[in-house]
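What follows is one structure encoded as structure tokens, with my remarks underneath.
Protein chains: 2
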Amino acid sequence: MIDKLIAKIQKTHAPVVIGLDPMLSYVPEHILKKSYQEFGETLEGAAEAIWQFNKEIIDKTYDLVPAVKPQSAMYEQFGVSGMQVFERTVAYCQEKDLVVIGDVKRGDIGSTSSAYAAGHLGKVKVGNKEYAPFHEDFITVNPYLGSDGINPFIDVCKEEKKGLFILVKTSNPSSGEFQDRLVDGRPLYEWVGEQTAKWGEGHMGDTYSYIGAVVGATYPQVGKVMRKLMPKSFLLVPGYGAQGGQGKDLVHYFNEDGLGAIVNSSRGIIAAYKQEQYAKFGPEHFAEAARAATEAMIADIDGALQGAKG
Amino acid sequence: MIDKLIAKIQKTHAPVVIGLDPMLSYVPEHILKKSYQEFGETLEGAAEAIWQFNKEIIDKTYDLVPAVKPQSAMYEQFGVSGMQVFERTVAYCQEKDLVVIGDVKRGDIGSTSSAYAAGHLGKVKVGNKEYAPFHEDFITVNPYLGSDGINPFIDVCKEEKKGLFILVKTSNPSSGEFQDRLVDGRPLYEWVGEQTAKWGEGHMGDTYSYIGAVVGATYPQVGKVMRKLMPKSFLLVPGYGAQGGQGKDLVHYFNEDGLGAIVNSSRGIIAAYKQEQYAKFGPEHFAEAARAATEAMIADIDGALQGAKG
Chain D
1 MIDKLIAKIQ KTHAPVVIGL DPMLSYVPEH ILKKSYQEFG ETLEGAAEAI WQFNKEIIDK
61 TYDLVPAVKP QSAMYEQFGV SGMQVFERTV AYCQEKDLVV IGDVKRGDIG STSSAYAAGH
121 LGKVKVGNKE YAPFHEDFIT VNPYLGSDGI NPFIDVCKEE KKGLFILVKT SNPSSGEFQD
181 RLVDGRPLYE WVGEQTAKWG EGHMGDTYSY IGAVVGATYP QVGKVMRKLM PKSFLLVPGY
241 GAQGGQGKDL VHYFNEDGLG AIVNSSRGII AAYKQEQYAK FGPEHFAEAA RAATEAMIAD
301 IDGALQGAKG
Chain P
1 MIDKLIAKIQ KTHAPVVIGL DPMLSYVPEH ILKKSYQEFG ETLEGAAEAI WQFNKEIIDK
61 TYDLVPAVKP QSAMYEQFGV SGMQVFERTV AYCQEKDLVV IGDVKRGDIG STSSAYAAGH
121 LGKVKVGNKE YAPFHEDFIT VNPYLGSDGI NPFIDVCKEE KKGLFILVKT SNPSSGEFQD
181 RLVDGRPLYE WVGEQTAKWG EGHMGDTYSY IGAVVGATYP QVGKVMRKLM PKSFLLVPGY
241 GAQGGQGKDL VHYFNEDGLG AIVNSSRGII AAYKQEQYAK FGPEHFAEAA RAATEAMIAD
301 IDGALQGAKG
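As they're listed, the protein sequences go chains D and P.
Each residue of the first sequence is one higher than the one before, starting from 1 at the first, in my numbering.
Each residue of the second sequence is one higher than the one before, starting from 1 at the first, in my numbering.
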């Protein structure tokens with residue numbers, strides 16, 4: 001799947017992932033109204049609104065980008081109905097040939113990690129049959145529990161040709177509370193990054209490992225260090241746009257081959273119509289606004305990468 | 001909710017939580033067969049089997065223990081159908097007046113953590129209505145992202161009178177890879193524990209904070225240190241039984257008031273009928289075996305605590 005992700009990045013010239021993190025407050029009134037008319041102001045109604053919102057954004061952007069990243073929390077908040085729409089969103093994106101990164105940040109140990117891996121990336125056996133419940137292509141995982149937590153995910157990735165992005169340095173202001181603490185003179189995230197590179201070594205696609213890392217856009221100096229520390233690991237970079245990162249800050253997250261990173265924007269794209277810059281589209285054309293914001297983001301990042309080359 | 005947990009521990013003399021972590025391999029053949037006959041070898045069929053298994057164990061043990069801990073992964077592996085049974089299990093346990101600790105180990109930042117908190121502990125607003133999707137009483141959360149990740153959960157706990165157990169030192173062999181790394185001469189888990197105690201300070205029940213910590217049973221010396229470091233934090237202690245911990249090793253996880261910790265056993269209870277010691281019950285009476293194993297665990301831990309007093 002890492003090879004597919006790379007091929008699609010090369011084809012689209014867009015090392016960009018759209019974060020499908022819908023909040024009800026992003027969904028335009030006309031969609032909410034229709035959905036509530038059909039299902040009432042219920043969890044089903046909310047989930048249906050989210051689904052219609054997602055679908056229109058996917059329809060208007062799938063040809064521009066290689067990948068999407070639905071955020072599990074935004075679906076779980078609507079309970080079982082929300083998880084239904086999570087699954088439906090994954091399936092629909094895959095129909096559109098998008099690579100789907102499930103931002104689930106799961107992490108546990110042993111048989112429990114195996115169960116998460118089966119549910120999200122692999123298959124579960126029921127009697128003599130097998131099912132792939134949520135069937136994302138990649139997921140994000142939390143490393144705090146160490147190798148016992150990661151290896152069961154890697155085993156499933158190997159089997160299913162899927163991949164992981166392991167949280168190394170997150171984009172939020174307080175990420176430093178634990179991640180930046182010095183261990184033998186180096187911040188913890190470097191140790192986690194180094195370990196992630198080791199986990200990745202035996203699990204290579206054609207040019208990059210399918211065990212990648214999450215490194216936030218909001219700490220460009222960290223990106224530069226991590227890029228060198230884990231040259232074969234793909235970096236998933238959150239924190240662009242709404243959280244403050246810009247294309248010019250991100251060139252060092254990439255290798256000289258122009259690859260090695262994929263930058264996420266969520267709110268900045270899916271709720272673009274709420275920004276002054278894209279307000280002209282109006283709520284009726286929220287998905288066109290998302291497309292315009294995606295194009296602007298691609299131009300920003302691709303421009304910065306081309307500039308860095310020249 | 002921490003006060004209810006404590007009152008129930010005092011009433012039952014059982015600082016014990018049953019981990020509802022069902023794997024299909026634990027479910028006796030007669031339940032599987034019935035469920036597959038009704039729903040086929042499908043995810044629904046698997047989920048129904050898990051539900052029947054849980055229900056019988058709950059019916060046979062609810063009067064012995066204050067709390068249960070369903071492990072999200074074991075339900076997510078069966079997709080949406082699994083999550084339905086997760087919700088149904090939470091609801092059924094609450095009908096039986098059990099405190100439910102959702103072992104979800106979620107962790108993200110800002111609005112994403114808020115969404116997880118709403119979905120698992122709080123309420124989500126849909127139009128003018130409010131819903132409590134998975135409605136656990138406590139959940140486990142991962143601290144790797146720092147305060148930005150934890151505070152949104154705490155806000156919901158405060159509002160809803162619920163609680164958290166933050167992963168501090170987990171019970172698995174490789175937990176030390178990152179958790180034990182020395183930061184200014186002290187292992188990282190001590191810093192996380194100290195921070196957890198701080199998070200808990202402003203969020204007190206009558207005698208203990210509703211912001212607790214996960215500290216594994218497999219490292220008794222750590223338990224002793226953490227008990228002192230976070231005197232007002234309740235400790236959720238996994239790793240009893242199947243993972244190796246015993247009652248006598250656990251006395252130092254408790255304060256002198258005999259409180260302050262609750263010990264989890266999952267496989268050791270719910271799959272007790274597969275152990276030699278309880279094999280006499282047979283698969284037909286798996287839930288009686290679970291009850292016997294629960295009684296033995298309570299006797300082991302309560303005995304050790306009484307012994308420590310005397």
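Note that CB positions come from ideal geometry on N, CA and C, so glycine has one too.
Item: Take D/Ala296 as the anchor and find which of D/Glu177, D/Thr140, D/Lys55, D/Ile269 has the nearest alpha-carbon.; Value: D/Ile269
Item: Just the chain D side, please: which residues come within less than 7 angstroms of P/Asn54 by C-beta, in chain order?; Value: Chain D residues near P/Asn54: none, gap ~15 angstroms exceeds 7 angstroms.
Item: Nearest chain P C-beta to D/Tyr264 closer than 7 angstroms, yes or no?; Value: Per the sequence shown, residue 264 of chain D should be read as Asn rather than Tyr. It does not; no Cβ of chain P falls within 7 angstroms.
Item: Under the three-state reduction of DSSP, which class applies to D/Pro70: helix, strand or coil?; Value: strand
Item: Less than 7 angstroms between CB atoms is the rule here; does D/Ser174 satisfy it with respect to chain P?; Value: yes
Item: Do the region 25-38 of chain P and the region 86-95 of chain P make contact, defined as three or more Cβ pairs closer than 8 angstroms?; Value: no
Item: Hey, is the region 64-74 of chain D in contact with the region 113-120 of chain P, meaning 3+ C-beta pairs nearer than 8 angstroms?; Value: yes
Item: Find the nearest neighbour of D/Val99 within the set D/Ile2, D/Val80, D/Glu130, judged by alpha-carbon distance.; Value: D/Ile2
Item: Are the C-beta of P/Glu76 and some C-beta of chain D separated by less than 7 angstroms?; Value: yes
Item: Find out if the Cβ-Cβ distance for the pair D/Tyr278, D/Ala287 is shorter than 7 angstroms.; Value: no
Item: For the region 23-108 of chain P, list the beta strand (DSSP E) runs that are entirely contained and at least 3 residues long, ordered along the chain.; Value: 67-70, 99-106
Item: Using a Cβ-Cβ cut-off of less than 8 angstroms, give me the residues of the region 181-211 of chain D that come near chain P, in sequence order.; Value: Arg181, Leu182, Val183, Asp184, Leu188, Trp191, Val192, Gln195
Item: Are the region 142-154 of chain D and the region 133-144 of chain P touching by the rule of at least three beta carbon pairs closer than 8 angstroms?; Value: yes
Item: Indicate, with yes or no, if the ligand ADP has a heavy atom lying under 6 angstroms from the CB of P/Gln84.; Value: The ligand ADP is absent from the structure shown, which contains no ligands of any kind.
Item: Does D/Leu182 pass the burial test, meaning 16 or more other C-beta atoms within 10 Å, or should it be called exposed?; Value: exposed
Item: Taking Cβ to Cβ, would you say D/Asp249 is nearer than 7 angstroms to D/Pro231?; Value: no
Item: Checking contacts by CB at 7 angstroms: is P/Gln71 closer than that to chain D?; Value: yes
Item: One question on the structure: do P/Val27 and P/Phe53 come within less than 7 angstroms of each other, judged by their Cβ atoms?; Value: yes
Item: Span of the beta strand (DSSP E) holding P/Asn255?; Value: First-last for P/Asn255: undefined, no H or E at that position.
Item: Would you decide whether P/Gln77 is buried or exposed? Buried here means 16 or more other CB atoms lie within 10 Å of its CB.; Value: buried
Item: Quick check on the DSSP output: what are the complete alpha helix (DSSP H) runs of length 4 or more inside the region 209-294 of chain P, in order along the chain?; Value: 220-229, 267-270
Item: If contact means a Cβ-Cβ distance below 9 angstroms, which residues of the region 271-289 of chain P contact chain D?; Value: none
Item: Please specify which runs of the alpha helix (DSSP H), each continuous and at least 4 residues long, are wholly inside the region 108-184 of chain P, giving them in chain order.; Value: 110-120, 147-160, 176-179
Item: Nearest by alpha-carbon distance to P/Ile150: which of P/Gln195, P/Ile298, P/Asn128 is it?; Value: P/Gln195
Item: DSSP has P/Pro187 in a bridge; who is on the other side?; Value: P/Leu182
Item: Do you know whose CA, among P/Gly110, P/Phe234, P/Asn128, P/Lys125, lies nearest P/Phe153's CA?; Value: P/Gly110
Item: Does the beta carbon of P/Thr89 come closer than 7 angstroms to any beta carbon on chain D?; Value: no
Item: Output, in chain order, the set of chain P residues within a Cβ distance shorter than 9 angstroms of D/Phe134.; Value: Glu76, Gly79, Val80
Item: Can you tell me where the alpha helix (DSSP H) with P/Thr12 in it begins and where it stops?; Value: 2-12
Item: Comparing alpha-carbon positions, which option in P/Gly82, P/Asp108, P/Val126, P/Ala115 lies nearest D/Glu44?; Value: P/Val126
Item: Pull up the distance between the alpha-carbon of P/Pro238 and that of P/Asn172, whole angstroms please.; Value: 9 angstroms
Item: Per DSSP, what kind of secondary structure is P/Gly19 in: helix, strand or coil?; Value: strand
Item: Taking P/Val23 as the query, report the chain D residues whose CB atoms sit under 9 angstroms from its CB, ordered along the chain.; Value: Before going on, a small fix: residue 23 of chain P reads as Met here, not Val. Going along chain D in sequence order, the residues near P/Met23 (Cβ under 9 angstroms) are Ser111, Ala115.
Item: Where D/Ala217 and D/Val263 are concerned, what is the direct C-alpha to C-alpha distance, given to the nearest angstrom?; Value: 8 angstroms
Item: What residue from P/Gly193, P/Tyr36, P/Asn128, P/Leu5 has the CA that sits closest to P/Val65's CA?; Value: P/Leu5
Item: If we count the other Cβ atoms within 10 Å of its Cβ and call it buried at 16 or more, is D/Arg267 buried or exposed?; Value: buried
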